[in-house]
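Chains as they are written, first to last, in the numbering used here: chain A, 462 to 699; chain B, 27 to 392. Where is the CB? At the ideal position from N, CA and C, for every residue including glycine. Predicted, not measured: the structure shown is a model, and the values here were computed from it. Notes to accompany the following structure.
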């Protein structure tokens with residue numbers, strides 16, 4: 462039964478002009494899992510995530526999210542999406558931004574809770590244009606999770622966030638996952654990768670390897686995840 | 027001052043333009059289009075107003091002056107009967123008509139002629155040559171015929187406007203609408219483009235929002251802004267500038283709201299075709315300049331060369347401007363067929379643009 466999986470991607474291909482961005486990607490993410498997408502810049506991580514929210518339509522293969530074939534507008538209500546760039550309205554305050562994204566996702570509550578989660582309650586009246594990069598990133602995260610989605614897609618969520626806060630974020634992610642939220646997170650920070658339950662290595666639009674961090678270490682023949690990753694990526698190169 | 031560094035800036039600039047074909051095209055094509063249009067308009071327009079002449083003079087003089095008027099380069103004169111005059115002013119086929127009364131020749135003998143000049147009056151620029159032509163014809167012909175000086179005291183009536191009706195009154199009605207149309211269009215196109223470039227549009231598209239909801243939300247927001255702006259502009263024009271107004275302020279306001287609606291949707295629609303604010307700004311001359319030239323604001327559509335009239339007829343602003351003038355200059359209300367038509371056409375443009383904007387707003391990025 463497909464419902465066991467929050468995300469099911471089957472043999473998805475996508476090209477832009479002559480550039481093959483995704484090349485037969487297949488992956489499954491069970492509900493409540495934290496899944497990490499790893500790969501160098503331009504590997505296809507963002508392209509894959511955009512397929513999951515229906516912003517892109519696959520040339521071949523199928524994408525299904527929370528049991529619904531994508532693109533599907535209705536299912537998006539249960540999906541939270543944090544883009545790579547902190548996509549916010551610079552002229553609005555932190556609170557107004559979060560309220561807006563709550564409203565368009567059909568949630569009227571949760572603004573306070575979301576702001577507390579990203580530790581921005583004391584800055585909620587600040588206009589976004591005046592915030593530092595890391596604070597914007599946190600505000601953007603609050604906008605993605607304010608409607609308590611069942612699936613949270615985070616495209617490099619911790620860029621520009623200090624290590625202390627990053628640790629807190631990951632504790633939060635873990636708690637949300639325990640509560641049943643599925644989280645797919647793209648990153649190239651290896652200590653984050655270590656906190657994921659499973660990892661997928663993407664390179665040249667292909668899913669090169671998949672497994673728990675321990676499995677990836679074993680496959681790459683190194684106790685250091687970064688080294689293991691580089692070894693595996695090097696194999697994909699040849 | 028380092029020539030090397032200055033050169034680096036200059037080169038970077040030109041390199042960018044080389045890839046931006048659209049900007050290049052605008053830079054080199056748009057001036058020709060705009061100047062060409064202007065030249066064609068000015069050279070090709072029939073500027074001489076149509077004037078009807080009703081000669082009821084029992085003597086000789088009326089016929090002589092009428093003949094002289096027929097050869098005047100200031101006006102294009104045709105014979106009519108005085109009874110048809112007012113109808114022809116109303117339907118716009120005449121800018122004025124002149125009546126020589128039955129005792130016109132006797133008046134001349136007495137040294138004091140007063141022909142009747144009936145002016146349509148809504149365009150001050152078309153009234154002046156009529157009186158001028160008549161005066162010229164009289165001073166040359168009448169003086170010769172009677173051999174003495176004659177005082178010229180025309181009895182002038184106005185269908186619309188009046189003796190104090192000036193160029194601002196004529197342009198004011200059109201510009202009140204234009205200002206709102208133009209500014210709302212610019213704000214919308216830039217705001218919508220911001221939505222795209224700051225990445226929030228991607229987020230909106232990844233939410234349960236429907237395209238129609240986005241377009242409608244934008245429309246309401248900007249229309250509210252536009253209405254406040256309209257009220258301000260209207261109050262300034264009427265109270266401070268004392269622009270001539272015969273119409274109902276609420277009808278003017280409604281017409282402006284309709285124009286704002288068209289402008290918002292035009293902005294949303296065109297923002298789909300711009301990749302950057304830079305490109306969006308280029309739509310402004312392309313959209314606004316031809317409309318200003320061709321919608322009858324400056325050059326009446328009826329005097330344009332035929333080929334351009336076809337273009338004018340498909341521009342929403344032509345109808346909006348015509349409607350605004352009908353209301354403010356002629357005191358039209360919604361029982362006038364001509365105003366109903368203008369309103370219907372502008373509304374239809376608005377509806378078509380809503381559909382076009384919604385359709386071009388793609389949910390998918392590719």
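For residue i: DSSP bridge partner residues
i	result
residue 471/A	523/A
residue 177/B	138/B
residue 81/B	126/B
residue 529/A	526/A
residue 195/B	In DSSP, residue 195/B forms no bridge with anything.
residue 409/B	Look at the range of chain B in this structure, 27 to 392, and you will see that residue 409/B is not part of it.
residue 489/A	469/A
residue 104/B	78/B
residue 476/A	481/A
residue 497/A	646/A, 660/A
Within-8 Å CB hit, residue i to chain A
i	result
residue 76/B	no
residue 229/B	yes
residue 225/B	yes
residue 219/B	no
residue 232/B	yes
residue 222/B	no
residue 235/B	yes
residue 387/B	no
is_contact[residue i, chain B] using C-beta, thresh 8 Å
i	result
residue 538/A	yes
residue 463/A	Any answer about residue 463/A is weak, because its pLDDT of 46 lies below 50 and its placement is not dependable; what the coordinates show is given next. Not an interface residue.
residue 544/A	yes
residue 665/A	no
residue 592/A	no
residue 644/A	no
residue 535/A	yes
residue 514/A	yes
residue 669/A	no
residue 551/A	yes
residue 467/A	no
residue 603/A	no
Per-residue burial, residue i [other beta carbons within 10 Å of its own, 16 or more giving buried]
i	result
residue 254/B	exposed
residue 226/B	buried
residue 37/B	exposed
residue 673/A	exposed
residue 249/B	buried
residue 618/A	buried
residue 33/B	exposed
residue 584/A	buried
residue 75/B	buried
residue 563/A	buried
residue 30/B	exposed
residue 282/B	buried
residue 342/B	buried
Check whether residue i and residue j have beta carbons under 8 Å apart
i	j	result
residue 483/A	residue 515/A	no
residue 626/A	residue 603/A	no
residue 98/B	residue 159/B	yes
residue 118/B	residue 346/B	no
residue 553/A	residue 589/A	yes
residue 167/B	residue 101/B	no
residue 122/B	residue 144/B	yes
residue 474/A	residue 547/A	no
residue 114/B	residue 85/B	no
residue 325/B	residue 71/B	yes
residue 545/A	residue 616/A	yes
residue 103/B	residue 82/B	no
residue 524/A	residue 643/A	no
residue 517/A	residue 486/A	no
residue 140/B	residue 133/B	yes
residue 319/B	residue 50/B	no
residue 497/A	residue 648/A	yes
residue 395/B	residue 238/B	This structure does not reach residue 395/B, given that chain B is present from 27 up to 392, and the question cannot be answered.
Segments assigned alpha helix (DSSP H), at least 4 residues, entirely inside the region 541-627 of chain A: 555-565, 572-578, 594-606
Complete beta strand (DSSP E) runs within the region 619-690 of chain A (minimum length 3 residues, chain order): 643-648, 659-664, 667-672
Those runs of the alpha helix (DSSP H) which lie wholly inside the region 246-323 of chain B and span at least 4 residues: 275-297, 303-320
Those runs of the alpha helix (DSSP H) which lie wholly inside the region 313-380 of chain B and span at least 4 residues: 332-339, 342-354
Against chain E: residues of the region 565-588 of chain A by CB proximity under 8 Å: The structure shown contains no chain E; its protein chains are A and B.
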